[in-house]
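Novice:
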Amino acid sequence: SQQGEEDPQALSIQEGENATMNCSYKTSINNLQWYRQNSGRGLVHLILIRSNEREKHSGRLRVTLDTSKKSSSLLITASRAADTASYFCATPGSSNTGKLIFGQGTTLQVKP
Amino acid sequence: DVKVTQSSRYLVKRTGEKVFLECVQDMDHENMFWYRQDPGLGLRLIYFSYDVKMKEKGDIPEGYSVSREKKERFSLILESASTNQTSMYLCASSTGTIHNEKLFFGSGTQLSVL
Numbered sequence: 281s282q283q284g285e286e287d288p289q290a291l292s293i294q295e296g297e298n299a300t301m302n303c304s305y306k307t308s309i310n311n312l313q314w315y316r317q318n319s320g321r322g323l324v325h326l327i328l329i330r331s332n333e334r335e336k337h338s339g340r341l342r343v344t345l346d347t348s349k350k351s352s353s354l355l356i357t358a359s360r361a362a363d364t365a366s367y368f369c370a371t372p373g374s375s376n377t378g379k380l381i382f383g384q385g386t387t388l389q390v391k392p
Numbered sequence: 031d032v033k034v035t036q037s038s039r040y041l042v043k044r045t046g047e048k049v050f051l052e053c054v055q056d057m058d059h060e061n062m063f064w065y066r067q068d069p070g071l072g073l074r075l076i077y078f079s080y081d082v083k084m085k086e087k088g089d090i091p092e093g094y095s096v097s098r099e100k101k102e103r104f105s106l107i108l109e110s111a112s113t114n115q116t117s118m119y120l121c122a123s124s125t126g127t128i129h130n131e132k133l134f135f136g137s138g139t140q141l142s143v144l
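Chains as they are written, first to last, in the working numbering: chain A, 281 to 392; chain B, 31 to 144.
1. By the 9 Å beta-carbon criterion, what residues does the stretch 67-81 of chain B contribute toward chain A?
2. Given a cut-off of 8 Å, decide if Asn311(A) and Leu328(A) are closer than it, judged by their beta-carbon atoms.
3. What would DSSP say about Gln67(B), mapped onto helix, strand or coil?
4. Starting from Leu144(B), trace the beta strand (DSSP E) both ways and give me its first and last residue.
5. For Asn298(A), name the three-state secondary structure that DSSP assigns.
6. Check whether the stretch 43-55 of chain B and the stretch 104-115 of chain B touch, using three or more Cβ-Cβ pairs below 8 Å as the test.
7. Once you ignore the five residues that flank Tyr119(B) on each side, which residues in its own chain have a CB closer than 7 Å to its CB?
8. How about Ala358(A) and Pro392(A): are their beta carbons less than 8 Å apart?
9. Run through DSSP, which three-state label would Gln384(A) get?
10. Against chain B, with Cβ distances strictly below 8 Å, would Gln384(A) count as a contact?
11. Since I believe Gln55(B) is in contact with Lys83(B) (beta carbons under 8 Å), could you give me their beta-carbon distance rounded to a whole number of angstroms?
12. Can you tell me whether DSSP reads Gln115(B) as helix, strand or coil?
13. Please classify Leu75(B) as buried or exposed, where buried requires at least 16 other C-beta atoms within 10 Å of its C-beta.
14. List the residues of chain C that Gln389(A) touches, going by C-beta distances under 7 Å, in chain order.
15. For Ala365(A), which three-state DSSP category applies?
16. Closer than 9 Å by beta-carbon distance: list the chain B residues that pair up with Ser325(A), in chain order.
17. Are the C-beta of Arg342(A) and some C-beta of chain B separated by less than 8 Å?
18. Any beta-carbon of chain B closer than 8 Å to the one on Leu345(A)?
19. Does the separation of the CB atoms of Leu326(A) and Thr364(A) fall below 8 Å?
20. Count the other C-beta atoms from every protein chain shown that fall within 10 angstroms of the C-beta of Ala299(A), then say buried if there are 16 or more, exposed otherwise.
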């Protein structure tokens, strides 16, 4: 079952530009998380935003959450070639078991 | 830092073989998960475990089983490998259940079934 869906599926920008990725989900959540995956590797947790938060920052990352629209966005400012990766949003499953449901991801390419 | 270790980065098996994928975490996490990742389908949950000897089916458990005899180790078993099980397999762990805290992932095992 897919909970989060990212948009766009692919994004190509120049170094120094900002990259924005969006995530929509279907059911009520207590938090939403973003992960990054370099090609052929495991996922790395970037940031978690709770349902009572509207915005959160971590370095060059800015995440927003709009629970009324059931959507979130991840903004990477001043992108670098090293930011090239796939980015996934994840939301909790239906029961309190710790499992997460992932979207299909946005593939970001940052050209030097 | 938490370390989640998957025993193999690449694995090639033949149809019908029994395959074991091993995952070990070193931070005493209660929860462990097995996902598979396929192009266009994202990550799909196969099985998870929230305690030793406890397991629950995820979204796509058919053709798989799991074992968790010790807290730090979670094994995924393909009883009789088939070509449609060719995929990237990702193990993850986390602590706690109430707030669905972040997952720590291993580097993945790329399994090819010929």
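All C-beta atoms in this analysis are idealised placements derived from N, C-alpha and C, irrespective of residue type, glycine included.
Specialist: Result, derived from the coordinates:
1. Gln67, Gly70, Leu71, Gly72, Leu73, Arg74, Leu75, Phe78 and Tyr80
2. Numbered from 1 along the first sequence, position 48 holds the residue referred to as residue 328(A). Numbered from 1 along the first sequence, position 31 holds the residue referred to as residue 311(A). In contact: Leu328(A) and Asn311(A) (Cβ atoms closer than 8 Å).
3. Translated into the one-based positions of the second sequence, residue 67(B) becomes position 37. The answer is strand: DSSP assigns Gln67(B) an E or B state.
4. Numbered from 1 along the second sequence, position 114 holds the residue referred to as residue 144(B). For Leu144(B), there is no enclosing beta strand (DSSP E), as DSSP gives it neither H nor E.
5. Within the first sequence, residue 298(A) is the residue found at index 18, counting from 1. Coil.
6. yes
7. Start at 1 with the first residue of the second sequence, and residue 119(B) comes out as number 89. Contacts found: Leu51, Trp64, Arg66, Leu106, Gly138, Thr139 and Leu141.
8. Along the first sequence, read from residue 1 onward, the residue named residue 358(A) stands at position 78. Along the first sequence, read from residue 1 onward, the residue named residue 392(A) stands at position 112. No.
9. Position 104 of the first sequence, counting from 1, holds the residue named residue 384(A). Looking at Gln384(A) - three-state DSSP - the assignment turns out to be coil, as it is neither helix nor strand.
10. Stepping through the first sequence from its first residue, residue 384(A) is reached at position 104. Chain B, which has a Cβ nearer than 8 Å to the Cβ of Gln384(A), makes this yes.
11. On the second sequence, position 53 is the one that residue 83(B) refers to. On the second sequence, position 25 is the one that residue 55(B) refers to. Actually they do not touch by this definition, with Cβ atoms about 16 Å apart.
12. Here residue 115(B) corresponds to residue number 85 of the second sequence, with the count starting at 1. Here Gln115(B) sits in helix by DSSP.
13. Here residue 75(B) corresponds to residue number 45 of the second sequence, with the count starting at 1. Counting of Cβ neighbours within 10 angstroms places Leu75(B) among the buried residues, the total reaching 16 or more.
14. No chain C appears in the structure shown, which is made up of the protein chains A and B.
15. Within the first sequence, residue 365(A) is the residue found at index 85, counting from 1. Ala365(A) falls in the strand class under three-state DSSP.
16. On the first sequence, position 45 is the one that residue 325(A) refers to. Note that residue 325(A) is His in the sequence shown here, rather than Ser. Ordered by position in chain B, the residues that pass the 9 Å Cβ test against His325(A) are Lys132, Leu133, Phe134 and Phe135.
17. Counting from 1 along the first sequence, the entry for residue 342(A) is found at position 62. Judged by the 8 Å Cβ criterion, Arg342(A) is not in contact with chain B.
18. Indexing the first sequence from 1 puts residue 345(A) at position 65. By this cut-off, Leu345(A) is not an interface position.
19. As a working note, residue 326(A) is residue 46 in the first sequence. As a working note, residue 364(A) is residue 84 in the first sequence. Going by C-beta atoms, Leu326(A) is not nearer than 8 Å to Thr364(A).
20. Taking the first sequence and counting its residues from 1, the one referred to as residue 299(A) is at position 19. Result: buried.
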